[in-house]
Structures are given as structure tokens and as C-alpha cells.
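Single-structure report; data block below.
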Amino acid sequence: ISAEFIKSVKGNKDGKLILVTAINPTPAGEGKTTTTVGLGDGLNRIGKKAIVCIREASLGPNFGVKGGAAGGGYAQVVPMEDMNLHFTGDFHAITTAHNLLSALIDNHIYWGNELGIDTRRVVWRRVMDMNDRALREIICSLGGVANGFPREGGFDITVASEVMAILCLSTDLKDLEKRLGDIIVAYRRDKSAVYARDLKADGAMAVLLKDAMQPNLVQTLENNPAFVHGGPFANIAHGCNSVVATTTALKLADYVVTEAGFGADLGAEKFFDIKCRKAGLKPAAAVIVATVRAMKMNGGVKKEDLGKENVEAVKKGCANLGRHIENIRQFGVPAVVAINHFYSDTDAEIQAMKDYVASMGEEAILCKHWAHGSAGIEDLANKVVALAESGASQFAPLYPDAMPLFEKINTIVQRIYRGSEAIADKSVRDQLKAWEDAGYGHLPVCMAKTQYSFSTDPNLRGAPTGHTVPVREVRLSAGAGFVVIICGEVMTMPGLPRAPSSEKIFLNEMGQIEGLF
């Protein structure tokens, strides 16, 4: 979608924004994208003009364990194979722009280091769109004088790149180039920052991203429009599709249905505190996707036993769902629970979930969009319209801009994760204080932690309280406009599982792709 078209609709009235979030997921995910697509189709089915806004797929999880990001069953955007692989090349452009900056840093050091970069304090890591644990920490420029000055470095996955976040938060090409120039790439010996614009990198990076800034328009299986643009993960980045796609869709539809990655403790919190804060968005309603199997897993059932009926485990695991309902309320946004149906779910298990949600004063609606498309999600569509039109939303971020950075971290830990406090070494606290003194104290924080728990322990399911959240590292994303807080053992470059999904992906005799999902 061209910049010219986007400008032409800026005078249109905004539609209503609906967020789709979820409970803490099982490793395979809970069908949040599927529900987002299904709800968009459902709204169109009941006569509303709706557009879906989702993220692009990363190759890392495609070939890892989680799979693609196009929905599934009869609630998906197409062409699924293209979307889950290279699509329009946006991720390749982001990877290239990011690594151009990396090359320029080492090139500048090689040719005399006029800016006085301290090679021990280069903070700009390289990226690739793949899960590869072997590249997390590397030594680069080995091999002699001709190859430059050896230094420590490393790779992150592209979806954790600050360039990805910048593209998703920029309002236009001018804003994009300014943000790219604001990236801090290294520090000098006197601790002063070196910016991308100091290396004259911002212009060339913007050129590489010119086409990637344009939202991609595809369609669902029911021929309804879907904007697919950007793709930061929610566990190690801010987890939302682009501001440009969302704001453009709002000018074109009565309802815009968008998702935020993983559970509401990660994706929804960042959607509210980063994306909505930065873009001035005000969501009208939220949908919390939950599944019977996730309730059982949060209730202590092993993965291999999730297909067996266990009503007591569902009831026990519902505490996790209840925590997410409470957390959405803290932002002043009315919510409804969508039970994403699986064939193994029993009536008793579904009723247990409905009863629990009703006890919290909310409604849970069974959704069968995977099997039946829009016809299986009409009830949810009608409920979402009622919530959005009620005017009940009183959205406000969790914390003010002026709050000190470490207090922002503690606010999220205590109010969203229900932990006792964040724990950080003096070096981390000193770094946060230095950034505040440098004028970055007003920025929101972007928490990076496991998606499987409210704590930093992926095996601590349910709704734990009183735990501490260790802060391992902090990174300033000055261009994107937030501070990344890396907690526990979470990695910004994932690894592949013992049996990666790539082992089942192949071309059949007709040259068609099989095994992608």
C-alpha cells in the first residue's frame, strides 16, 4: 500500500480498534492469530466492515517448533506458504539494513576510527532471521590485519532487531530515517554515545527499507482484507504489527482487529504501554484467547496427557486465565474470553472454563472458526461489537512517562506479573540512571522474558505470586524509543529444538510445499 494512498485517507474517521491477546501459551501457541483472522471474518459476516492487522512470519519459528503466523483451518490469510516464507521480502530488507550498519561500524574502526569508538563497547549486534544458538556470542574480524580489529560480537534474530521495532513504530519515511539515525551503536572511552547518523548510515538504511515501510495487503479465505506488516516477537521485542498498517486500517474500516504476541502479560502490556502510547491509539475492546489444553497445562498436566479429559486440572489452570482478565482491566479496556475449540475438548471442560469466567464477571464464548470459518465465531463477533459500541473503554497506560525507569520495571513486575520486585545488579541500575541523566528516562520499558509464565521460570505455571524477577541485562533502543529489559534466561537469539519442524518440510513430486503450518 503506497504512501500516497495512506496520505489520501488520513482525513477519514477512525474505526474502532480491537486487540486480540491470550493466556500464557503452550509451546504450540493457542490460536491467537487464527482467532484474530476468524474474528475479522466474523465481523464481516454480521455486516460490519472489518480489517485484520497481523504480523509477518519469522523463518525461525517456522523451522523451529511454533510454526507459521497466517492462522489455520478455515481462519487463515492466504497465500499461506508465501506468507510463512519470504513473503514480500520485508524481513530480508530489515536484516540487510541492520547488517549494513554492522558492516559500517567495523569498516569505520578499520579505517582509523575517527569517531573514537571503544571496540569493547560496540552494542550493535548482527541479526539473521533464523534460530541459531551457535551465533549468540562470537569473535569477529579474526584472520589478520586485513580483516580488521578482532572484537566480541553476536547475533540476534531479526525480529528482535531495533530496526524491526523502528519500522513498526515509524509513522512515515521521514520519521523512519530520523529514528534510524537515533540508534546508538557504540560508546567511546568517555562513555559518550556514537549514533548511526555519526556513521552516515541512516540514509542508506532508509533506502533499503523504503518498500518495506509499505503495509502488505492480502486476504482471508473468505476474501476479507488483511494487513500483514512487521513482525517483532513479544517475548524479546514489543510484539505488535506496524503502526502504519494499524492507523491506515482504522481509516478504512469500522473495526480493526489486531493481535499482540504471546500472553497478555507480554504482548498486550507492550501493545498498551508502547504501541498505543507512541501512536496515540485507544483500543475499544480486547479478546483474550484461551484453550482447554492450556488450562490443563497450567493446571499441571503433562503435554502428552493434554488430550485426556481432566476437569479438575482445567479448574486449577483457570487461575492463569483469571490473572490475564484482571490485568486487561488494569488498562481500562473491556474484555471477553474466546475459547478456541479443539476436537479433544469435552463439554465438561468447556463448561468449567465458562463457569470460571462468569464467576469473574466476564463472558467466555466458544469459538469454532478453525473448523467452520466465520460461521463458527458469530457469537464472539456480536459480543465484540456490543463491547466496542458500549463506550466502556477507559484506556490508560500502566505507568506515566515521568516515572523513573526502574520504577517502571517494578510496576510491571508487581502489577502484571504479581511478583514481589525486580532484582538487578548495581551495574544495571547505574546504567538505567545514566540513561535517565542522558534524557531517556521518559521512555517506556520493553520487558524480555519467557512467554510461558508470569515469572522468569518457564516451568512455573498457573498464577504465581511473590516471585522475584531478575534483570540480567538492559539495552537502550533510542531509535525505537524504549528500553529493553532482559529478564531471567530468555535469549534474543533462539535455538532450534531437538526435532525442528524443518525436518518435515519438503517439496512433493508436483513441486508443491508440504509440511508448513
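Sequential numbering of the sequence shown, starting at 3, is according to our numbering.
Backbone N, C-alpha and C fix where the C-beta goes; we use that ideal spot for every residue, glycine too.
Treat the numbers as computed from the prediction; the structure is a model and nothing was measured.
Distance, Cα to Cα, Ala95 vs Ala255? For the purposes of this step, residue 95 is taken as the residue at position 93 of the sequence shown. For the purposes of this step, residue 255 is taken as the residue at position 253 of the sequence shown. About 29 Å.
What does DSSP give as the partner residue(s) for Gln353 in the beta ladder? Residue 353 sits at position 351 when you count from the first residue of the sequence shown. Checking the DSSP bridge columns, you'll see Gln353 has no partner listed.
Can you confirm whether the segment 379-391 touches the segment 423-439 when touching is taken to mean that 3 or more C-beta pairs between the two stretches lie within less than 8 Å? Taking 8 Å as the limit for Cβ pairs, the verdict is that the segment 379-391 does not touch the segment 423-439.
Opposing strand residues paired with Leu478 [DSSP bridges]: Start at 1 with the first residue of the sequence shown, and residue 478 comes out as number 476. Answer by DSSP bridge pairing, in chain order: Val485.
Going by the beta-carbon positions, is the gap between Leu445 and Gly483 smaller than 8 Å? Residue 445 sits at position 443 when you count from the first residue of the sequence shown. Residue 483 sits at position 481 when you count from the first residue of the sequence shown. Going by C-beta atoms, Leu445 is nearer than 8 Å to Gly483.
Locate the beta strand (DSSP E) running through Met449, then write down its first and last residues. Residue numbering aside, residue 449 sits at position 447 when the sequence shown is read from its first letter. Met449: member of the beta strand (DSSP E) spanning Val447 to Ala450, first to last residue.
Between which two residues does the alpha helix (DSSP H) harbouring Ala24 extend? Your numbering for residue 24 matches position 22 in the sequence shown. Where Ala24 is concerned, there is no enclosing alpha helix (DSSP H), although the beta strand (DSSP E) it sits in stretches over Lys18 to Ala24.
Residue span of the alpha helix (DSSP H) that contains Pro63, given as start and end: As a working mapping, residue 63 is identified with position 61 in the sequence shown. If you look at Pro63, you'll find it in the alpha helix (DSSP H) that goes Leu61 to Asn64.
Enumerate, from N- to C-terminal direction, the unbroken alpha helix (DSSP H) stretches of 4 or more residues contained entirely within the segment 148-194. Listed in chain order, the alpha helix (DSSP H) elements of length 4 or more contained wholly in the segment 148-194 are 164-171 and 175-183.
Measuring alpha carbon to alpha carbon, tell me which residue in Ala195, Gly66, Ile168 and Glu154 is nearest Ala99. Residue mapping note: residue 99 aligns to position 97 of the sequence shown, counting from 1. Selected option, being the one with the closest Cα: Ile168.
Taking contact to mean 3 or more Cβ pairs, one atom from each stretch, closer than 8 Å, check whether the segment 366-378 and the segment 43-57 are in contact. Here the segment 366-378 makes contact with the segment 43-57; the two share three or more CB pairs at distances below 8 Å.
Between the segment 197-208 and the segment 32-46, are three or more C-beta pairs nearer than 8 Å? No: the two stretches stay apart, fewer than three of their Cβ pairs being nearer than 8 Å.
The alpha helix (DSSP H) enclosing Met215, as first and last residue numbers: Along the sequence shown, read from residue 1 onward, the residue named residue 215 stands at position 213. Element bounds for Met215: n/a, residue is neither H nor E.
Decide if Asn115 is buried, meaning its Cβ has at least 16 other Cβ atoms within 10 Å, or exposed. Position 113 of the sequence shown, counting from 1, holds the residue named residue 115. So Asn115 counts as exposed.
Just verifying my parser: in three-state terms, what is the DSSP assignment at Ala383? For the purposes of this step, residue 383 is identified with residue 381 of the sequence shown, where counting begins at 1. In the structure shown, Ala383 sits in a helix (DSSP, three-state: H, G or I).
Please report the Cβ distance between Ser479 and Glu179, rounded to the nearest whole angstrom; I am assuming they are in contact, meaning their Cβ atoms lie under 8 Å. Taking the sequence shown and counting its residues from 1, one reaches residue 479 at position 477. Taking the sequence shown and counting its residues from 1, one reaches residue 179 at position 177. Between Glu179 and Ser479 the Cβ distance is about 16 Å, and since that is not below 8 Å, they are no contact.
Considering only the beta carbon of each residue, do His343 and Leu368 sit closer than 8 Å? Taking the first residue of the sequence shown as 1, we reach residue 343 at position 341. Taking the first residue of the sequence shown as 1, we reach residue 368 at position 366. Yes, they are a contact pair.
How long is the line joining the alpha carbons of Met299 and Arg128, rounded to whole angstroms? In the sequence shown, the residue the question calls residue 299 occupies position 297. In the sequence shown, the residue the question calls residue 128 occupies position 126. Approximately 36 Å, taken between the alpha carbons.
Note down, in chain order, each residue of its chain lying with its Cβ closer than 8 Å to the Cβ of Ala321, except the 5 sequence neighbours on either side. Looking up residue 321 in the sequence shown gives position 319. Closer than 8 Å at the Cβ level, and outside the excluded window around Ala321, lie Asn300, Gly464 and Ala465.
Going by alpha carbons, who is nearest to Leu87 out of Ala71, Gln78 and Ser143? In the sequence shown, residue 87 corresponds to position 85, counting from 1. Checking every option, the nearest Cα to that of Leu87 belongs to Ala71.
Please say whether Asn243 and Ile56 have beta carbons closer to each other than 8 Å? On the sequence shown, residue 56 is found 54 positions in, with the first residue counted as 1. On the sequence shown, residue 243 is found 241 positions in, with the first residue counted as 1. Yes. Within cutoff.
Please confirm if the segment 233-247 is in contact with the segment 435-451, defined as three or more CB-CB distances below 8 Å between the two stretches. Three or more beta-carbon pairs drawn from the segment 233-247 and the segment 435-451 are found closer than 8 Å, and the two stretches are therefore classed as touching.
In the DSSP assignment, find the alpha helix (DSSP H) that holds Leu368 and state where it starts and stops. In the sequence shown, counting from the first residue as 1, residue 368 sits at position 366. Taken as a continuous stretch (DSSP letters only), Leu368 belongs to no alpha helix (DSSP H), being part of the beta strand (DSSP E) at Ala366 to Cys369.
Assuming His112 is part of the alpha helix (DSSP H), what are its boundary residues? Looking up residue 112 in the sequence shown gives position 110. Per the sequence shown, residue 112 should be read as Tyr rather than His. Here the alpha helix (DSSP H) through Tyr112 covers Asp92 to Tyr112.
6 Å CB neighbourhood of Lys253 in its chain, flanking five on each side removed: The count along the sequence shown starts at 1 and reaches residue 253 at position 251. Take Lys253, set aside five residues on each side of it, and the residues of its chain with a beta-carbon closer than 6 Å to its own are Val11 and Asn14, in chain order.
On the DSSP letters alone, give me the boundaries of the beta strand (DSSP E) that Met130 sits inside. Position 128 of the sequence shown, counting from 1, holds the residue named residue 130. Counting along the chain, the beta strand (DSSP E) containing Met130 begins and ends at Arg128 to Met130.
Around the C-beta of Trp126, are 16 or more other C-beta atoms found within 10 angstroms, so that it is buried, or is it exposed? As a working mapping, residue 126 is identified with position 124 in the sequence shown. That one is buried.
Could you tell me the boundaries of the alpha helix (DSSP H) in which Thr28 lies? In the sequence shown, residue 28 corresponds to position 26, counting from 1. Per DSSP, Thr28 belongs to no alpha helix (DSSP H) and is neither H nor E.
For the alpha helix (DSSP H) that contains Asn86, what are its first and last residues? Walking along the sequence shown from the start, residue 86 turns up at place 84. Membership of Asn86 in the alpha helix (DSSP H) is indicated by the continuous run Met82 to Asn86.
Under the three-state DSSP convention, the category Asn300 falls into: The count along the sequence shown starts at 1 and reaches residue 300 at position 298. In the structure shown, Asn300 sits in a helix (DSSP, three-state: H, G or I).
So if DSSP puts Tyr197 in a beta bridge, which residue, or which two residues, is it bridged to? Here residue 197 refers to the residue found at position 195 when the sequence shown is read from its first residue. For Tyr197, which the question treats as bridged, DSSP gives the partners Ile186.
Which of helix, strand or coil does DSSP assign to Ala321? For the purposes of this step, residue 321 is taken as residue 319 along the sequence shown, with counting starting at 1. DSSP places Ala321 in helix when its eight states are reduced to three.
When the Cα atoms are used, what is the spatial distance from Gly66 to Asp192? In the sequence shown, counting from the first residue as 1, residue 66 sits at position 64. In the sequence shown, counting from the first residue as 1, residue 192 sits at position 190. Spanning the two alpha carbons is a distance of roughly 42 Å.
To which residues does DSSP link Glu58 through a beta bridge? On the sequence shown, position 56 is the one that residue 58 refers to. Looking at the DSSP assignment, Glu58 forms no beta bridge with any residue, so it has no partner.
With DSSP as the reference, please indicate the residues paired to Tyr76 in a beta bridge. Looking up residue 76 in the sequence shown gives position 74. Tyr76 pairs with nothing; no bridge assigned.
In this structure, how does DSSP classify Arg123 when only helix, strand and coil are distinguished? As a working mapping, residue 123 is identified with position 121 in the sequence shown. Of the three classes helix, strand and coil, the one that applies to Arg123 here is strand, per DSSP.
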